[in-house]
Amino acid sequence: MWSNLSLTAKGLILVSIPLLLEFAFVFLLTHYLQEAETEAQRAIEARHISDVVSQVTTDLYTLYKKVSLSADSIYEVRQQLDTSYTVGFDRVQQEYAQLDLLTRGRPDLNALVKQSSKSIQEARSILDEAIFKIRQGKIDEVIASHRPKTARLSQLLHGILASDLQIVAQHDRDYAASSNLRQAEIRSKVAQVSYCALVGSIIFNVLLAAFFFKTIVGRLLVMSENAAKLAADQPLHPPLGGHDEIGELDLAFHDMAKTIVESARMKQELVGMLTHDLRTPLTFIQGYLEMQKQGLLGESNERGQKLVRLADRNSFHMMGLINDLLDSQKIESDMLTIEQEEVCVAELFEAVRMTTEDWVAEHGIKFNIQDSDLFVTGDQEKLTRVLLNLVSNAVKYSKDGDTISLGANMTGNFVEMTVADQGPGIPKDMLKAVFERFQQVKGDSQATKGSGLGLAICKQLVNLHGGKIWVTSERNKGSVFHFTIPAA
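Counted from 1, the sequence shown has number 450 at position 152 by the working numbering; the numbering is strictly sequential.
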């Protein structure tokens, strides 16, 4: 299921996971903050209850004194009755009504409040009944019940005071125990959530790093290695698999690699076929021309001999192009090998002179070859090819009366050979490009068109010998091609 998802879908899933975790973390913290707020509100209510109970207790003590005076004054009928206790009872009853509202959520406290409130009502009713009877003239009845009524009043008031104190003590005790436990529980939960969030974040980051490396970076490295292997003509890694963007890209890369390999194979077959089909008839043509030059096919006039030499030179040039094309493909396929032997530099120069002297003389160009007693280690036939290509290139850019020079000097463990001409020169921006395939100096109408392979073949052959090739040139001052070959 996971492997069938696209890279975009995987990324969205991985991005949504930490967001969901953050939402859950924020939700839990908000929940615990609300609980802490509720606990703080309970503390405020508890303090309010405690304040009201304290006020009730104070008022009850005051009321107790007034009730005692009123109870004594009931029987002193000659004096005016003290009924100021009613104000105290009214205040206390209002405070009990407030306590009743504050303790609605605590049934145990609310029961004590209601019980005390009933005791207050009973005490007031005793006093109100005595006052009522005195005002009706029933003094004897009041006096007769004086002692039990007074004892009942004292009992009620003492019980109320004890009940109120019990309310305060129980509430403070219950609140202190529950509040401390609840706050400790909330702190513990907040710590647990924080630790879990930290551990979850670490685990997720590790998994994300592993996913990033395995699913993206690791697979891209494999594709990078495949690109290098394709360039080096080595077997590729197996397809990565998967249906995401990287998997599809890797599959397309393998398909492209197969197409490239197949195209290269077909190109090699085509080049091999063309070079074979061209070289075979060209070899017969060169043979006939050589026989004609030697007079084996009869005498020809001066113009005929000139045409034979021209045809022979063009066939030689054409054979060189075919060999360049074939060698270029062999080098690309890493199939071209060189023979390591001791080669005399003077012999190389002489072979080049003999091959090109007619062509050079026809263009009115002079040949200046430096005497040399140096020897190199390499393939004589391929080194001759290098010199011939460089000389041919020099002839193309030379005019009547110019001189082409060949020289050789010892440079460390290498022999540096040079081919200098007096042509128009090469622009600085083309000094490296001329050694690339199908590259020629542009803008020189003097030069004849070529394949653009000659200098590229020279570079590849020199590299195979372990040397290097370069050119120095100035515009309108000619060019000098240098290449080095290990000394023998």
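Note that CB positions come from ideal geometry on N, CA and C, so glycine has one too.
It should be emphasised that the depicted structure is a prediction, and the values quoted were computed from it without experimental measurement.
>> Our contact map puts residue 704 next to residue 678 with C-beta atoms below 8 Å; I'd like the distance itself, whole angstroms only.
In response: Translated into the one-based positions of the sequence shown, residue 704 becomes position 406. Translated into the one-based positions of the sequence shown, residue 678 becomes position 380. No, residue 704 and residue 678 are not in contact; Cβ-Cβ is about 16 Å, not under 8 Å.
>> Using DSSP's beta-bridge definition, name the partner residues of residue 785.
In response: Looking up residue 785 in the sequence shown gives position 487. According to DSSP, residue 785 bridges with 674.
> What distance in whole Å lies between the Cβ atoms of residue 584 and residue 613, which are believed to be in contact at a cut-off of 8 Å?
Replying inline: Working through the sequence shown from its first residue, we reach residue 613 at position 315. Working through the sequence shown from its first residue, we reach residue 584 at position 286. Correct: roughly 5 Å between the Cβ atoms.
> What is the C-beta distance between residue 643 and residue 672, in whole angstroms, given that I count them as a contact (C-beta under 8 Å)?
Replying inline: Working through the sequence shown from its first residue, we reach residue 643 at position 345. Working through the sequence shown from its first residue, we reach residue 672 at position 374. So it is a contact: roughly 5 Å between Cβ atoms.
>> Cutting at 8 Å between CB atoms, please list the residues of its own chain near residue 423, excluding the five before and the five after it.
In response: As a first step, residue 423 is located in the sequence shown; it is residue number 125 there, counting from the start. Hits under 8 Å: none found.
> Just how far apart, CA to CA, sit residue 578 and residue 529?
Replying inline: If you number the sequence shown from 1, residue 578 lands on position 280. If you number the sequence shown from 1, residue 529 lands on position 231. When rounded, the distance between both Cα atoms is 33 Å.
> Would you say the stretch 760-777 touches the stretch 712-726, given that touching needs at least three Cβ pairs under 8 Å?
Replying inline: yes
>> Tell me whether the stretch 491-501 and the stretch 304-312 touch, counting them as touching only if at least three CB pairs, one residue from each stretch, are closer than 8 Å.
In response: Counting C-beta pairs with one atom in each stretch, the stretch 491-501 and the stretch 304-312 have fewer than three that are closer than 8 Å, which means they do not touch.
>> In the DSSP output, which residue or residues are listed as bridge partners for residue 715?
In response: Position 417 of the sequence shown, counted from the first residue, corresponds to residue 715. Answer by DSSP bridge pairing, in chain order: 706 and 781.
>> Just verifying my parser: in three-state terms, what is the DSSP assignment at residue 527?
In response: Indexing the sequence shown from 1 puts residue 527 at position 229. Here residue 527 sits in helix by DSSP.
>> Short of 7 Å in beta carbon distance, which residues of its chain neighbour residue 719, apart from the five on each side in sequence? Order them along the chain.
In response: Within the sequence shown, the letter at position 421 stands for residue 719. Excluding residues within five positions, the ones whose Cβ falls inside 7 Å are 692, 695, 696, 700, 702, 776 and 777.
> Among 445, 410 and 484, which one has its Cα closest to the Cα of residue 338?
Replying inline: Position 40 of the sequence shown holds residue 338. The residue with the shortest Cα to Cα distance from residue 338 is 484.
> Hey, how far is the Cα of residue 624 from the Cα of residue 541?
Replying inline: By 1-based counting over the sequence shown, the position of residue 624 is 326. By 1-based counting over the sequence shown, the position of residue 541 is 243. Taking the straight line joining both Cα atoms gives about 43 Å.
>> When you compare the CB positions of residue 502 and residue 315, do they come within less than 8 Å of one another, or not?
In response: The count along the sequence shown starts at 1 and reaches residue 502 at position 204. The count along the sequence shown starts at 1 and reaches residue 315 at position 17. In this structure, residue 315 lies closer than 8 Å to residue 502 by Cβ.
> Between residue 548 and residue 538, which are expected to be in contact by the criterion C-beta below 8 Å, what is the C-beta distance as a whole number of angstroms?
Replying inline: Numbered from its first residue, the sequence shown carries residue 548 at position 250. Numbered from its first residue, the sequence shown carries residue 538 at position 240. With 8 Å as the limit, residue 548 and residue 538 qualify as a contact, their Cβ atoms being about 4 Å apart.
> Can you name the start and end residues of the beta strand (DSSP E) that residue 666 belongs to?
Replying inline: Here the question's residue 666 lines up with position 368 in the sequence shown. Residue 666 -> beta strand (DSSP E) spans 664-667.
> In angstroms, rounded to a whole number, what distance separates the CA positions of residue 545 and residue 513?
Replying inline: Mapped onto the sequence shown, residue 545 falls at position 247. Mapped onto the sequence shown, residue 513 falls at position 215. Answer to the nearest angstrom: the Cα atoms are 10 Å apart.
>> Spatial neighbours of residue 622 within its chain, please: C-beta separation below 7 Å, excluding the five flanking residues on both sides.
In response: Numbered from 1 along the sequence shown, position 324 holds the residue referred to as residue 622. Correct list, in chain order: 749, 751, 752 and 755.
> Assuming residue 676 and residue 641 make a contact with CB atoms under 8 Å, what is their CB distance in whole Å?
Replying inline: Translated into positions along the sequence shown, residue 676 becomes position 378. Translated into positions along the sequence shown, residue 641 becomes position 343. That pair is a contact at about 6 Å.
>> Between residue 779 and residue 716, how many whole angstroms is the CB-CB distance? I'm expecting something under 8 Å.
In response: Within the sequence shown, the letter at position 481 stands for residue 779. Within the sequence shown, the letter at position 418 stands for residue 716. Residue 716 and residue 779 do touch by the CB rule: their CB atoms are close to 7 Å apart, below 8 Å.
> Is residue 278 near residue 417, with beta carbons less than 8 Å apart?
Replying inline: This structure does not reach residue 278, given that the chain is present from 299 up to 786, and the question cannot be answered.
> Whose CA, out of 447, 526 and 785, lies closest to the CA of residue 427?
Replying inline: For the purposes of this step, residue 427 is taken as the residue at position 129 of the sequence shown. The option with the nearest alpha carbon to residue 427 is 447.
> Among 721, 714, 731 and 729, which one has its Cα closest to the Cα of residue 764?
Replying inline: Residue numbering aside, residue 764 sits at position 466 when the sequence shown is read from its first letter. The shortest C-alpha separation from residue 764 is found at 714.
> For residue 601, which residues from the same chain have a beta carbon less than 8 Å from its beta carbon, with the 5 sequence-adjacent residues on both sides left out?
Replying inline: Residue mapping note: residue 601 aligns to position 303 of the sequence shown, counting from 1. Once the five neighbours on either side are set aside, residue 601 has no close Cβ partner at all.
>> Along the chain, where does the alpha helix (DSSP H) containing residue 653 start, and where does it finish?
In response: Taking the first residue of the sequence shown as position 1, residue 653 is located at position 355. It spans 643-660 - the alpha helix (DSSP H) in which residue 653 sits, taken as one unbroken run.
>> According to DSSP, simplified to helix, strand and coil, what is residue 639?
In response: Within the sequence shown, numbered from 1, the residue matching residue 639 stands at position 341. DSSP places residue 639 in strand when its eight states are reduced to three.
> In chain order, what residues of the same chain lie with their CB nearer than 8 Å to the CB of residue 656, ignoring the 5 residues before and after it?
Replying inline: To locate residue 656, count along the sequence shown from 1; it is residue 358. The residues are 607 and 611.
>> Going by DSSP, what residue range makes up the alpha helix (DSSP H) through residue 423?
In response: Position 125 of the sequence shown holds residue 423. Bounds of the alpha helix (DSSP H) holding residue 423 are 405-433.
> If we ignore side chains and look at the alpha-carbon of each, how far apart do residue 535 and residue 520 end up?
Replying inline: Counted from its first residue, the sequence shown places residue 535 at position 237. Counted from its first residue, the sequence shown places residue 520 at position 222. Near 7 Å, if we compare the C-alpha coordinates of residue 520 and residue 535.
> In terms of residue numbering, what span does the alpha helix (DSSP H) encompassing residue 514 cover?
Replying inline: Counted from its first residue, the sequence shown places residue 514 at position 216. It is not in any alpha helix (DSSP H) - residue 514 carries neither H nor E in the DSSP assignment.
>> Rounding to the nearest angstrom, what Cα-Cα distance links residue 732 and residue 688 in this structure?
In response: If you number the sequence shown from 1, residue 732 lands on position 434. If you number the sequence shown from 1, residue 688 lands on position 390. Residue 732 and residue 688: Cα-Cα distance of roughly 12 Å.
> How long is the line joining the alpha carbons of residue 398 and residue 441, rounded to whole angstroms?
Replying inline: Within the sequence shown, residue 398 is the residue found at index 100, counting from 1. Within the sequence shown, residue 441 is the residue found at index 143, counting from 1. When only Cα atoms are considered, residue 398 and residue 441 end up about 36 Å apart.
> Apart from the five residues on each side of it in sequence, which residues of its chain come closer than 8 Å, Cβ to Cβ, to residue 324?
Replying inline: The residue you call residue 324 lines up with position 26 of the sequence shown. Within the same chain, residue 324 has no close Cβ partners at all.
> For the candidate residues 331, 762 and 616, whose alpha-carbon lies nearest to that of residue 684?
Replying inline: As a position in the sequence shown, residue 684 is number 386, starting the count at 1. Closest by alpha carbon: 762.
>> Distance check for residue 319 and residue 409, CA to CA, integer angstroms please.
In response: Translated into the one-based positions of the sequence shown, residue 409 becomes position 111. Translated into the one-based positions of the sequence shown, residue 319 becomes position 21. Rounded to whole angstroms, residue 409 to residue 319 spans 46 Å at the Cα level.
>> Taking the alpha-carbon of residue 796 as reference, which of 664, 450, 333 and 527 has the nearest alpha-carbon?
In response: For residue 796 there is no data in the structure shown, the boundaries of the chain being 299 and 786.
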